[in-house]
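Letter by letter, the sequence shown follows residues 3 to 138 of my numbering.
For each residue, glycine too, the CB sits at the ideal point set by N, CA and C.
Predicted model only: the values in this text are computed from it and were never measured.
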Amino acid sequence: MTTAVKDMLATYPADLGRVDRDKLARCIEECVACAQACTACADACMSEEMVSELTKCMRTDADCADICNATAAVLSRHTGYDANVTRAILQACATVCKACGDECRRHAERHEHCRVCAEACRRCEEACHDLIGSLG
């Protein structure tokens, strides 16, 4: 299946080197999806009756959305590539996705939006680790 991410990677005029394009595309897509899920989850938390019980969840959602958006942006730029920067942001993204996924999982039985968000976080965390592993 072709996606805008894969299409853009295919149009890059220079050699991407040994980067696994499929893992790169998946990671960018999962980062974008996770950022959206976290943003929507934080918003849904604000609409819950017991919003004060979800303060940490909203905070981790916001942090995760910001880091996922930044990671997708960094991964989308290839000119002047720096493997150390890429590894660092991927590790940060995986870390925040784990924290957010764990927090959302705590509320998943009572709040469906937290369950959906936790799953998006886990997929993104996995995609970051897969891409890190392929960087060598």
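- request: Would you be able to state if there are at least three C-beta pairs under 8 Å between the stretch 99 to 111 and the stretch 74 to 86?
  value: no
message: Just to confirm before moving on: does the CB-CB distance between Ala-35 and Ala-96 stay below 8 Å?
response: Locating residue 35 in the sequence shown gives position 33, counting from the first residue. Locating residue 96 in the sequence shown gives position 94, counting from the first residue. No.
query: Can the beta-carbon of Ile-30 be found closer than 8 Å to that of Leu-92?
result: Position 28 of the sequence shown, counted from the start, is the residue given in the question as residue 30. Position 90 of the sequence shown, counted from the start, is the residue given in the question as residue 92. Not closer than 8 Å, so no.
query: Does the pairing of the stretch 46 to 59 with the stretch 10 to 24 give three or more beta-carbon distances under 8 Å?
result: no
task: Just the C-alpha distance for Cys-116 and Arg-89, rounded to the nearest angstrom, thanks.
output: In the sequence shown, residue 116 corresponds to position 114, counting from 1. In the sequence shown, residue 89 corresponds to position 87, counting from 1. Approximately 28 Å between the Cα atoms of the pair.
- request: Look at the Cβ atom of Ala-74, then the Cβ atom of Cys-33, and state whether they are nearer than 8 Å.
  value: Numbered from 1 along the sequence shown, position 72 holds the residue referred to as residue 74. Numbered from 1 along the sequence shown, position 31 holds the residue referred to as residue 33. Contact flag set, yes.
query: By Cβ distance, which residues of its chain are closer than 6 Å to Met-60, with the 5 residues on each side in sequence left out?
result: Translated into the one-based positions of the sequence shown, residue 60 becomes position 58. Ala-44 and Cys-47.
field: Selection from Leu-18, His-109 and Ala-129 that minimises the alpha carbon distance to Asp-63
entry: Looking up residue 63 in the sequence shown gives position 61. Nearest option by C-alpha distance: His-109.
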